[in-house]
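Single-structure report; data block below.
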């Protein structure tokens with residue numbers, strides 16, 4: 085792989101269509117190569133996707149143990165992502181699915197495999213082989229290529245060679261159902277700081293995504309949240325994010341506080357309503373938001389972005405509309421968005437990953453307390 089390609093990477097993506105809300109899970113395979121290495125890259129992809137051998141017991145055990153260790157490090161260093169993913173799992177099937185395969189539930193599943201490996205190794209092997217046959221299927225394949233126009237005929241000629249390595253069964257759609265999750269959890273770890281997130285899916289409240297949200301996100305992070313949570317509260321970082329699919333959240337990173345931070349979050353709508361930023365300040369925040377929106381992309385990044393937009397239904401017109409709305413943002417637009425934020429925060433959905441002492445000290449605000457590491 086290293087000789088003939090720039091690597092072969094596999095990952096899982098769980099998307100939501102921006103118009104229908106449909107859940108779109110995908111196992112994604114990415115690879116890159118120089119044009120003269122394209123036939124070899126496709127040959128290697130065929131070997132990996134169609135002929136991986138799951139029978140090596142010792143290697144499989146090593147991989148599962150390595151996954152467990154990596155996930156433990158990930159939880160310790162990116163607890164804000166774990167908290168955010170857990171928060172949104174309270175709200176939609178797509179996010180519940182994401183939690184199962186990327187969040188705390190993944191860590192629990194891998195830990196169980198590692199601890200009970202010797203007793204369930206045959207079951208694990210059979211499951212992996214069966215899943216590979218289901219997923220790597222030519223009839224459920226979406227391919228995206230980023231290539232020079234003059235080299236596209238080479239891709240057209242070589243790519244069909246991959247099909248002979250993939251299953252050809254007609255895929256049967258699966259309906260997923262999830263139990264109603266417990267909301268407002270305290271997930272405690274041996275650490276001494278908190279990762280606090282609060283938010284809601286504003287699309288469920290009847291609101292639509294707008295470019296103004298990008299500007300308000302910048303304002304919220306750089307002024308109110310930064311001063312109240314970072315400067316005064318001592319947290320390492322703060323977040324305010326709106327997603328095109330409806331997800332909105334406020335978050336803190338390496339935060340010594342807990343309930344105090346939730347109170348600060350709840351005060352954001354009043355701050356936006358009562359603060360006159362002035363045209364000069366609004367322009368500065370617009371420029372900050374545009375720089376993030378229009379950041380340069382490599383050809384590889386452009387290809388990934390284009391594929392994600394196609395899957396989720398985002399068009400060029402949607403992107404341009406957002407850009408226009410960012411540029412046209414006014415003080416009045418900022419004040420109006422306070423209503424959406426207030427409605428979302430009033431749903432009182434939050435999740436905290438933090439120290440056992442701090443979470444148990446505030447156990448009355450949680451519906452469930454969970455020990456992350458057994």
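In the working numbering, the protein residues as written are 85 to 458. For every residue, glycine included, the Cβ atom is placed at its ideal position computed from N, Cα and C.
In or out: residue i buried (at least 16 other Cβ within 10 Å) or exposed?
{"i": "residue 288", "result": "exposed"}
{"i": "residue 459", "result": "There is no way to answer for residue 459, as the model of the chain reaches only from 85 to 458."}
{"i": "residue 410", "result": "buried"}
{"i": "residue 286", "result": "buried"}
{"i": "residue 225", "result": "exposed"}
{"i": "residue 358", "result": "exposed"}
{"i": "residue 452", "result": "exposed"}
{"i": "residue 260", "result": "exposed"}
{"i": "residue 179", "result": "buried"}
{"i": "residue 183", "result": "buried"}
{"i": "residue 269", "result": "buried"}
{"i": "residue 301", "result": "buried"}
{"i": "residue 167", "result": "buried"}
{"i": "residue 236", "result": "exposed"}
{"i": "residue 332", "result": "buried"}
On the three-state DSSP scale, how would you describe residue i?
{"i": "residue 229", "result": "coil"}
{"i": "residue 492", "result": "Any property of residue 492 remains undetermined from this structure, which presents the chain solely from 85 to 458."}
{"i": "residue 336", "result": "strand"}
{"i": "residue 116", "result": "coil"}
{"i": "residue 271", "result": "strand"}
{"i": "residue 324", "result": "strand"}
{"i": "residue 279", "result": "strand"}
{"i": "residue 208", "result": "helix"}
{"i": "residue 393", "result": "helix"}
{"i": "residue 257", "result": "coil"}
{"i": "residue 378", "result": "coil"}
{"i": "residue 315", "result": "helix"}
{"i": "residue 360", "result": "coil"}
{"i": "residue 85", "result": "coil"}
{"i": "residue 343", "result": "helix"}
{"i": "residue 237", "result": "helix"}
{"i": "residue 104", "result": "coil"}
{"i": "residue 520", "result": "The requested residue 520 is not part of the displayed model; the chain covers only 85 to 458."}
{"i": "residue 263", "result": "coil"}
{"i": "residue 176", "result": "coil"}
{"i": "residue 170", "result": "helix"}
{"i": "residue 183", "result": "helix"}
Among the options, which residue has its Cα nearest to the Cα of residue i?
{"i": "residue 420", "options": "397, 299, 395, 377", "result": "299"}
{"i": "residue 27", "options": "90, 250, 114", "result": "An answer regarding residue 27 cannot be provided, because it is not within the stretch 85 to 458 covered by the chain."}
{"i": "residue 258", "options": "247, 218, 401", "result": "218"}
{"i": "residue 366", "options": "330, 306, 351, 327", "result": "306"}
{"i": "residue 131", "options": "201, 147, 142, 216", "result": "216"}
{"i": "residue 165", "options": "140, 262, 278, 138", "result": "278"}
{"i": "residue 238", "options": "280, 124, 176", "result": "124"}
{"i": "residue 162", "options": "140, 149, 173, 188", "result": "188"}
{"i": "residue 173", "options": "317, 356, 264", "result": "264"}
{"i": "residue 211", "options": "222, 197, 221", "result": "197"}
{"i": "residue 447", "options": "296, 356, 271, 290", "result": "271"}
{"i": "residue 251", "options": "223, 308, 443, 457", "result": "223"}
{"i": "residue 435", "options": "378, 337, 99", "result": "337"}
{"i": "residue 339", "options": "254, 414, 276, 103", "result": "276"}
{"i": "residue 119", "options": "230, 134, 214", "result": "230"}
{"i": "residue 205", "options": "156, 140, 353, 317", "result": "140"}
{"i": "residue 308", "options": "331, 295, 335", "result": "335"}
{"i": "residue 297", "options": "314, 437, 412", "result": "412"}
{"i": "residue 360", "options": "313, 443, 417", "result": "417"}
{"i": "residue 312", "options": "127, 342, 116, 170", "result": "342"}
{"i": "residue 103", "options": "397, 424, 352, 242", "result": "397"}
{"i": "residue 281", "options": "293, 458, 399, 428", "result": "428"}
{"i": "residue 126", "options": "385, 455, 92", "result": "92"}
{"i": "residue 405", "options": "295, 430, 331, 432", "result": "295"}
{"i": "residue 355", "options": "399, 304, 317", "result": "304"}
{"i": "residue 425", "options": "291, 310, 442", "result": "291"}
Across which residues does DSSP place residue i in a beta bridge pair?
{"i": "residue 109", "result": "98"}
{"i": "residue 437", "result": "271, 279"}
{"i": "residue 331", "result": "285"}
{"i": "residue 454", "result": "271"}
{"i": "residue 221", "result": "251"}
{"i": "residue 92", "result": "115"}
Hey, would you say the C-beta of residue i is under 7 Å away from at least one heavy atom of the ligand FAD?
{"i": "residue 457", "result": "This structure lacks the ligand FAD; in fact it carries no ligand of any kind."}
Against chain B, does residue i count as a neighbour if the rule is that its beta carbon must be under 8 Å from one of theirs?
{"i": "residue 124", "result": "Going by chain labels, chain B is absent from the structure shown, which holds only one protein chain."}
> Given 8 Å as the limit, is there contact between the region 184–198 and the region 343–362, that is, 3 or more CB pairs closer than that?
Replying inline: no
> Is it true that the region 327–338 meets the region 374–394, where meeting means three or more beta-carbon pairs spaced less than 8 Å apart?
Replying inline: Counting Cβ pairs under 8 Å, fewer than three are found: no touch.
>> I'd like to know if the region 366–381 and the region 317–324 are in contact, where contact means that at least 3 CB-CB pairs between them fall below 8 Å.
In response: no
> Counting pairs of Cβ atoms below 8 Å between the region 148–161 and the region 105–120, do you hit three or more?
Replying inline: no
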